[in-house]
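Read in order, the letters of the sequence shown are residues -31 to -1, 1 to 666 in mature numbering (1 follows the signal peptide of the UniProt record, and there is no 0).
Backbone N, C-alpha and C fix where the C-beta goes; we use that ideal spot for every residue, glycine too.
Let me begin by presenting the structure, written as structure tokens, before commenting on it.
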Amino acid sequence: MNSNGIKMRLGSALLAVMLLAACSDSSGVQSTVTEEASGTAAAETAQTAVTGAEDAVATAAADTFLVTADMVSYEEEDQFIDWEGSSPRYIQLQGDTAALQGEGAIISGSAITIVLPGTYVVSGQLNDGQIVVDLESDGLVRIVLNGAEINSSTSAPVYVKKAEKTVISLQPGTSNTLTDEENYVLDDAEEGEPNAAIFSKDDLTINGTGTLIVEGRYNNGIVGKDDLKITGGTLIIRAVDDGIIGRDVLAVTEADIQIEAGGDGMKSTNDKDADKGFILLAGGTYRVTAGADGIQAETSMLVTGGEYSLTTGGGSVNSSKQADAGQWGGDRGQAGARNPQAQQAQQSTQVQQSTETQTSTTDSTSAKAIKAASDITISGGSFTIDSADDAVHSNGTVHINDGLLNITSGDDGIHADSQVSIAGGTTTITKSYEGIEGKLISMTGGEVHVTASDDGVNAAGGNDGSSLNGRAGQNSFSAAGDAALYISGGNLTVDAAGDGLDANGSMYMSGGTVIVNGPTGSGNSALDYDGVFEVSGGTLIAAGSSGMTQAPSEGSSQYSVLMSFTQMQAAGTIVHVQNASGEAVFTFAPAKDYQSIVISSPELSKDETYTLYTGGSASGNAADGLYAEGTYQQGTEVVSFTLTKPVTYMSESGETEAQAAGPGGGGFGGGRGGGAGMGRDRSGVPAAPPASAASAG
């Protein structure tokens, strides 16, 4: 029969969930989880499990190095100041020589050595020479680039050998250029130094509002072996290898940074001290094109603001999942390779690259956009990422607390070996192999859209250990029964060719809204888990194929329905459920063809009777296919049913009876717990699992 003019309303419980998700706090949980903690949590109820997991990861946070804003302090000299009142000395570059007005520097031909602290204003052009800072005693040196061009054919145009701190100020309204060449006469052959157009052995700050163009033809663009701070200026850097390195700390508050690098774009590299090797980005504009990683921290990274456009490894078209793809790094062969002279020097051990600027996490070729060994926390900023490898990757934890992320990835959108926590912000993954991957994945808030050619959200265990043709980046986790997915808030929408939500362990949902447009092929399913999937709150809609279909497990406190059709339904064919009073429970238009759909909502109640319709039309506002209000009409009644147990399995002929259970799960680790892969009843549609399978965990 047809249902004409059914008025839709969003039930108060569902509306409350959506409003709570929209207004959720962005603080989130910043922590990791142990195998024992997640295994214990899997035995609890959904809400208890979520709370227990958060307590466990909070305890384990002691093993994770988290960057906080107060870990970098800024002194007065870190900001651009009026230097005219500081008794400046003037260095006028004059082609093959220079002239000094004042004292504190020694000029020998085109070699300028600053030996006393103070302010030095540099202007003019030096054809082939350099400025060396080599103080006789500790002190502050400020070099004001006031329309300066320095070229060096044998070394770094600016080389800080010894100074307590050096500040390079970019005079407003000026353009300055530093260029080196392919061959260096090294000052320290054992350490391979200097190895950048600007090279500092001590603390270095760059400030001002002028422009600095750096041509690093030998190796790197800018290297600071201690703290490197950037508080202003327009930096245009082209480098054979890395663009910017701050060994101990790389911190930026405000700047316009443009980098083209054969290796990494920006990185911090200290792997000797646990509390160093981190990056703190508080603002600025970044346009980075890198053959290898875009922004890489040896330990951890905190981003609180800024606008980022990151392209790595040639972009997602050069996917790390392509078996025929070669190494990254453009026409230089392997990403991060030095020029031939530097390579030969390293191989002969006569000139070795400094161990101070090497990182253990970048020894293998990698083309990730944002990468860290311990933690990545994003609490603000706007990101546009096109990466051949993972877009956001941590060997430890990833926390998304706020910000806007638009991701196109050749591998994972977001990956953490330990935990991914999403508490706020808007994340849109328009292309990925797997959208979000980690051993523990928790979502407490935020807006997330995932498109994946394999699994959309994959809770698994392992690390970045596999590769094709020797290329790093393939995060093929092995099965791990203690992995877990927790959803307690936010809005998650998944479009996956593989499994929509996949856990090599268990899943728990206590709030939020989850919409899955799952696979159309029978080898995967919209929901796939090994342990249990306990639902105690929120709204879940998961549409997809029927061959490996799973529903929430019988231990759920919120009621669910799995509807299976004899034929594939066309994308856009509406599914509408209403109660006995004719009030809409939900109206949804899947974005892809589907043969099964899982529905779980606070609006579904025990011993209540509902009717499911398909087809027809709906008016009103739809968010990702889910209509919050409006009118549904001209649909075809398919089946009526009464809920008597937590999970009800339906076909077009009515409620199905349990038959022999078939193999569970699809693709990457099938489901064998509650709501496991099903056999088929006499109507030819998947049947519910026997009670023994439903209670297995």
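Whole-Å CB distance - residue i paired with residue j, under 8 Å assumed
i: isoleucine 206; j: glycine 212; result: 5 Å
i: histidine 362; j: lysine 400; result: So it is not a contact: roughly 16 Å between Cβ atoms.
i: glycine 524; j: proline 571; result: The pair is not a contact, with the Cβ atoms about 17 Å apart (cut-off 8 Å).
i: asparagine 188; j: valine 221; result: Not quite, the Cβ-Cβ distance comes to about 22 Å (not below 8 Å), so this is no contact.
i: proline 521; j: serine 529; result: 5 Å
i: glycine 594; j: proline 559; result: 6 Å
i: glycine 116; j: asparagine 152; result: Incorrect: roughly 28 Å between the Cβ atoms, too far for contact.
i: valine 90; j: tyrosine 59; result: 5 Å
i: alanine 357; j: glycine 382; result: The pair is not a contact, with the Cβ atoms about 13 Å apart (cut-off 8 Å).
i: glycine 450; j: threonine 413; result: At roughly 24 Å, the Cβ-Cβ gap does not stay under 8 Å, so glycine 450 and threonine 413 are not in contact.
Buried or exposed (CB count within 10 angstroms, at least 16 for buried), residue i
i: lysine 536; result: Note that residue 536 is glutamine in the sequence shown here, rather than lysine. The residue in question, glutamine 536, is exposed, as its Cβ has fewer than 16 Cβ neighbours within 10 Å.
i: alanine 243; result: exposed
i: glycine 393; result: buried
i: serine 77; result: exposed
i: glutamate 105; result: exposed
i: asparagine 590; result: exposed
i: lysine 575; result: exposed
i: glycine 179; result: buried
i: glutamine 388; result: buried
i: glycine 108; result: exposed
i: threonine 605; result: exposed
i: aspartate 65; result: exposed
i: lysine 614; result: exposed
i: threonine 611; result: exposed
i: serine 56; result: exposed
i: glycine 21; result: The predicted model places glycine 21 with a pLDDT of 46, which falls under 50 and marks its position as unreliable; any figure quoted below should be read in that light. By the neighbour-count rule (16 or more Cβ atoms within 10 Å), glycine 21 is buried.
i: glutamate 45; result: exposed
i: threonine 331; result: A caution first: threonine 331 carries a pLDDT of 38, below 50, which makes its placement in the model unreliable, though a value can still be read off. So threonine 331 counts as buried.
For residue i, the three-state DSSP class (helix, strand or coil)
i: serine 285; result: helix
i: alanine 553; result: strand
i: methionine 40; result: helix
i: aspartate 32; result: helix
i: glycine 54; result: helix
i: glutamate 406; result: strand
i: glutamine 321; result: Model confidence at glutamine 321 stands at a pLDDT of 35, short of 50, so the residue's coordinates are unreliable; what they give is reported in the following sentence. Three-state result, glutamine 321: coil.
i: alanine -11; result: With a pLDDT of 35 at alanine -11, under the threshold of 50, the modelled position of that residue is not reliable, and the figure given next carries that caveat. Correct three-state label for alanine -11: helix.
i: aspartate 156; result: coil
i: alanine 441; result: Its pLDDT being 42, under 50, alanine 441 is placed unreliably in this model, and the value from its coordinates should be taken loosely. Of the three classes helix, strand and coil, the one that applies to alanine 441 here is strand, per DSSP.
i: aspartate 262; result: coil
i: glutamate 151; result: coil
i: glycine 201; result: coil
i: glutamate 624; result: strand
i: glutamate 598; result: coil
i: alanine 292; result: Any reading at alanine 292 needs caution, since the residue's pLDDT is 40, under 50, leaving its predicted position unreliable; the model's value is listed next. Reduced to three states, the DSSP call for alanine 292 is coil.
i: aspartate 47; result: helix
i: asparagine 176; result: strand
i: glycine 193; result: strand
i: lysine 575; result: coil
i: aspartate 499; result: coil
For residue i, the first and last residue of its enclosing beta strand (DSSP E)
i: asparagine 370; result: 366 to 378
i: methionine 235; result: 235 to 237
i: aspartate 520; result: Residue 520 is actually alanine in this sequence, not aspartate. Counting along the chain, alanine 520 falls outside any beta strand (DSSP E), and DSSP gives it neither H nor E.
i: tyrosine 187; result: Neither: tyrosine 187 is in no beta strand (DSSP E) and is coded neither H nor E.
i: leucine 95; result: 87 to 95
i: glycine 506; result: 502 to 513
i: arginine 111; result: 109 to 120
i: isoleucine 568; result: 563 to 569
i: asparagine 427; result: 426 to 428
i: isoleucine 347; result: 344 to 356
i: lysine 134; result: 134 to 139
i: serine 533; result: 529 to 538
i: alanine 338; result: No beta strand (DSSP E) contains alanine 338, which DSSP labels as neither H nor E.
i: serine 475; result: 474 to 486
i: asparagine 548; result: 544 to 548
i: residue 669; result: There is simply no residue 669 to check, as the chain begins at -31 and stops at 666 in what is shown.
i: serine 124; result: No beta strand (DSSP E) contains serine 124, which DSSP labels as neither H nor E.
CB contact below 7 Å: residue i versus chain B
i: glutamate 572; result: Chain labels in this structure do not include chain B; a single protein chain is all it has.
- Item | Three CB pairs or more closer than 8 Å across the stretch 470 to 481 and the stretch 491 to 501 | yes
- Query: Contact between the stretch 152 to 160 and the stretch 131 to 144: three or more CB pairs below 8 Å?
  - Reply: no
- Item | Segment contact, 8 Å Cβ cut-off, at least three pairs: the stretch 416 to 432 with the stretch 556 to 567 | no
- Message: With three or more beta-carbon pairs closer than 8 Å as the criterion, would you say the stretch 51 to 67 touches the stretch 274 to 281?
- Response: no
- Item | the stretch 479 to 489 / the stretch 549 to 556 touching (three or more Cβ pairs under 8 Å) | no
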